[in-house]
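Q: Using the numbering used here, read the sequence shown as starting at 221 and increasing by one per residue.
Quick reminder that beta carbons are idealized off the backbone N, C-alpha and C, glycines included.
Computed from a predicted structure; not experimentally measured.
Sharing a structure, written as structure tokens. Questions coming.
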Amino acid sequence: MHLGIDFGTSYTKLGYWEDDHFTNLTGSEQRIPSVVAWLPSQPGLFFGNRAYRLEGPGVVRVSFFKLALKRNPNFTLGSFSLPDIMREFFSFLKQDYLDVCQGDAGAGKNRPLACVESISLSVPNYFGLNSRRILLEAAREVFRVKDIYLLPEPIAAVCGYNYSHPDNPLQGDILSIDIGGGTSDFSFLRLMQDSREILLETQLQIGNDAFSGLEIDRNILHHIFFPGFHMQHGEALPEPFWTENFNSSRDKFIFNYLMMQAEKFKIEMSVREQCCLDIPDFYHGKSLQVNIDRNMFTLQLHDVFERLKIFFTESLKNRAQNLGLYDGQHWQLDCILLQGGASRCHGVRKTIEELCPGVTLIQPEDVDFNVVRGLSLWNESMAASNRIKSIYPFQFYIARLDPLNKNPDLEKINFDTGNLELDIRGRYKIFSFNPDSNYNLAVDNEMLSCKIYEVEEADNHVELARFQGQELVWRLEGPREQAPETVNIYLDMANSQLASRDFVEEKPGGKAKHSELLKNYLLSEQKALAWIGSYPLARQPLLSDFKSHLSKQELKTDLPWHHHAQTTRYKLLCLLDFLTRS
């Protein structure tokens, strides 16, 4: 079985193909809310509908936690870091949906996890290396299968559609528009059918506060539900319901319930000319009755659709013009692929047709599952027979010592990711340097210390002082004598990392095999411990803890050194102890 996991901003879906039949592994739930909750009194995390239902003192609930991978990699929930949260999330999927796969209702098949041989996981193209690696490493650790692919979402969408329409597949220049619950993604692709090559040329995103399923639901509350309740009962909803700054967990629970009612209303309006809605307990036991037709619905949501139009005018057209897909008056596209659950909302299709006159607009019959269908098709044989290339929208900067003042600064690596078509399974040499050059940041002449950072292509404000740590994507620390004459750095797209062939050889899905460089780094720390221990007044309990820490690392010589901060902490504690007692 090849498993597809569409980890969406608002919902997650998973499934597989067998005998030309797609099985939705979420069964009657259809989709899993991408929400996580933490309760201080409980040992673990809660996901999906269970997270929505969780109540208790101090409960913290985070919707759209996928966005933290892009915007806040240092995000924590209780004692759980973002990598911890992703491991817990995949463990939740494994335990609840994969250990015994129930499949679609009526399929009559139970499939154990042992049948899963490979996995394709959706990833937006604007995720950097650290974000991608968190996903990849968490999935490898939890599922323990041979092959795990990170496939760009718009590529999966095209694959899903073309498989379902073999007689009329998409080809040429395509604009893929995915209107999801949390974000809206816009991607330009070029499909060369004869050569079986797909090029993802760019991908843009509108946040959840501009145009998305969530923002449409919020506008239904603000412009239809809340005014209607005020007209019927002469009572305005309290300010927190407008600002979403809640002090009361009860009010927040009510707001989430009303947002779900708004989503149902939105779906109902997508299939009916007129909708009559009755919510018996809208607020404090008072009901709300709404009777509205499509014209009034569109009028009340005018503001949110205007944001979509502004995005097309100010951002999307400019990017298309740079790619030769818009000449200032006409779009040079073969078609538009419109998908995502919120794309069914009344007014979305008409607005996009008005913004792109003359371009054929195609919408899959099942917009919710088109991406996961494509993901579950992407096995080893399909990957081998199709070339997927992407413009990687990030730049790399290497830290160096300024030749004049010897202070660290940044130098841009001239590997033009913004214009190069990179195979998503490729490996590319991006930089080389001499360890005795200014790129060695180590104060000790016998040591080697190098760092490379990653920033978005459009970010022109690049200086070392602004970095918070998450932009660091490659680091090398160790004895200088073990380094070669030239250090070569490679961008490994398949494993979402920078690597040096001189020090690391890593097999996908397996453990990394490291040279003596990192082992000697451990030896140097042990020498430091011995030197500290020679001081007559050294505090023995602190030395014992330091020794225990290093002993644990001896068992991990086949892994990179991930505990620099903890090692440095012990040495600083020893130094402070010396200063306070001398």
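Mind checking residue 781: buried by the 16 CB within 10 Å criterion, or exposed?
A: Reliability fails at residue 781, whose pLDDT of 48 lies under 50, so the model's placement of it is uncertain and no value is given.
Q: Out of curiosity, what's the CA-to-CA distance linking residue 726 and residue 647?
A: Because residue 726 carries a pLDDT of 37, less than 50, the predicted location of this residue cannot be relied on, and the following value inherits that uncertainty. Between residue 726 and residue 647, the C-alpha separation is close to 12 Å.
Q: Measuring alpha carbon to alpha carbon, tell me which of 548, 519, 455, 543 ends up nearest residue 503.
A: Out of 548, 519, 455, 543, 455 has the C-alpha closest to the C-alpha of residue 503.
Q: Whole angstroms is fine: what's the gap from residue 632's alpha carbon to residue 284's?
A: Computed Cα separation, rounded: 33 Å.
Q: To test your reading of the DSSP string, which unbroken beta strand (DSSP E) runs of 3 or more residues are found completely within the stretch 280-320?
A: Taking only runs of at least 3 residues, the beta strand (DSSP E) segments lying wholly in the stretch 280-320 are 280-283.
Q: Using the three-state DSSP reduction, which class does residue 222 fall into: helix, strand or coil?
A: Residue 222: strand per DSSP, three-state reduction.
Q: Sort 275, 239, 771, 792 by Cα distance to residue 473 and report the nearest one.
A: The shortest C-alpha separation from residue 473 is found at 275.
Q: List the residues that DSSP assigns as beta-bridge partners of residue 546.
A: According to DSSP, which records beta bridges pairwise, residue 546 is partnered with 551.
Q: Kindly indicate the opening and closing residues of the alpha helix (DSSP H) around residue 485.
A: From DSSP, the alpha helix (DSSP H) with residue 485 extends over 469-491.
Q: CB residue 597 to CB residue 381, shorter than 7 Å?
A: Cβ distance not < 7 Å, so residue 597 and residue 381 don't count as in contact.
Q: Give the DSSP bridge partners of residue 586, in chain order.
A: For residue 586, which the question treats as bridged, DSSP gives no partner whatsoever.
Q: Give every residue of the same chain whose Cβ lies closer than 8 Å to the Cβ of residue 476, excluding the five residues on either side of it in the sequence, and list them in chain order.
A: Around residue 476: 272.
Q: Does the stretch 620-636 come into contact with the stretch 430-443, if we say contact requires no fewer than three beta-carbon pairs (one atom in each stretch) closer than 8 Å?
A: Touching, no.
Q: Helix, strand or coil, according to DSSP, for residue 647 in the structure here?
A: Here residue 647 sits in strand by DSSP.
Q: Between the Cα of residue 243 and those of 526, 306, 286, 589, spot the shortest distance and give me the residue it belongs to.
A: That would be 589, whose Cα lies nearest to the Cα of residue 243.
Q: In the stretch 367-444, which residue ranges form an unbroken alpha helix (DSSP H) of at least 4 residues, counting only runs that do not cross its ends?
A: Runs found: 373-384, 433-440.
Q: Per DSSP, what kind of secondary structure is residue 272 in: helix, strand or coil?
A: Helix at residue 272.
Q: Report yes if the C-beta distance between residue 222 and residue 599 is below 7 Å; otherwise report no.
A: In contact: residue 222 and residue 599 (Cβ atoms closer than 7 Å).
Q: When the Cα of residue 430 is compared with those of 529, 310, 759, which residue comes out closest?
A: Answer by Cα proximity: 529.
Q: Measuring straight from C-alpha to C-alpha, what distance separates residue 704 and residue 771?
A: Rounded to the nearest angstrom, the two C-alpha atoms are 28 Å apart.
Q: When the distance is taken between beta carbons, is residue 581 closer than 7 Å to residue 573?
A: For residue 573 and residue 581, yes; Cβs fall inside 7 Å.
Q: Do the CB positions of residue 509 and residue 501 come within less than 7 Å of each other?
A: Cβ distance not < 7 Å, so residue 509 and residue 501 don't count as in contact.
Q: Contact between the stretch 439-448 and the stretch 399-414 is defined here as three or more beta-carbon pairs at a separation below 8 Å; is this criterion met?
A: Verdict: no, contact absent.
Q: Closest to residue 280 by C-alpha separation, out of 237, 420, 468, would be which residue?
A: For residue 280, the nearest C-alpha among the options comes from 468.
Q: Can you find the residues in the same chain that come closer than 8 Å, C-beta to C-beta, to residue 736, ignoring five residues on each side of it along the sequence?
A: Residue placement at residue 736 cannot be trusted, given a pLDDT of 47 that sits under 50; what the coordinates show is reported in the next sentence. Contacts found: 702.
Q: Based on Cα-Cα distance, which residue from 717, 759, 586 lies nearest to residue 385?
A: Nearest of 717, 759, 586 to residue 385, Cα basis: 586.
Q: Using a Cβ-Cβ cut-off of 6 Å (strictly less than) and excluding sequence neighbours within five positions of residue 324, which residues of its own chain qualify?
A: With a pLDDT of 47 at residue 324, under the threshold of 50, the predicted position of this residue should be treated as unreliable, though the coordinate-derived value follows. Here the set comprises 243, 244.
Q: Spatial neighbours of residue 237 within its chain, please: C-beta separation below 8 Å, excluding the five flanking residues on both sides.
A: Excluding residues within five positions, the ones whose Cβ falls inside 8 Å are 222, 243, 593, 596, 597.
Q: Going by DSSP in three states, residue 337 sits in which element: helix, strand or coil?
A: Note: residue 337 maps to coil in three-state DSSP.
Q: Report the three-state DSSP secondary structure of residue 452 (helix, strand or coil).
A: In the structure shown, residue 452 sits in a helix (DSSP, three-state: H, G or I).
Q: Is it the case that the Cβ atoms of residue 715 and residue 649 are separated by a distance below 7 Å?
A: No.
Q: Find the nearest neighbour of residue 233 within the set 309, 289, 348, judged by alpha-carbon distance.
A: Nearest option by C-alpha distance: 309.
Q: Express the C-alpha separation of residue 423 and residue 545 in angstroms, rounding to a whole number.
A: Computed Cα separation, rounded: 14 Å.
Q: Residue range of the alpha helix (DSSP H) that residue 523 falls in?
A: Segment 522-531, the alpha helix (DSSP H) holding residue 523.
Q: Counting only runs of 4+ residues fully inside the stretch 569-618, write out the alpha helix (DSSP H) ranges in chain order.
A: Whole alpha helix (DSSP H) segments, 4+ residues: 590-595, 600-605.
Q: Specify the secondary structure class of residue 695 as computed by DSSP and reduced to three states.
A: Three-state result, residue 695: strand.
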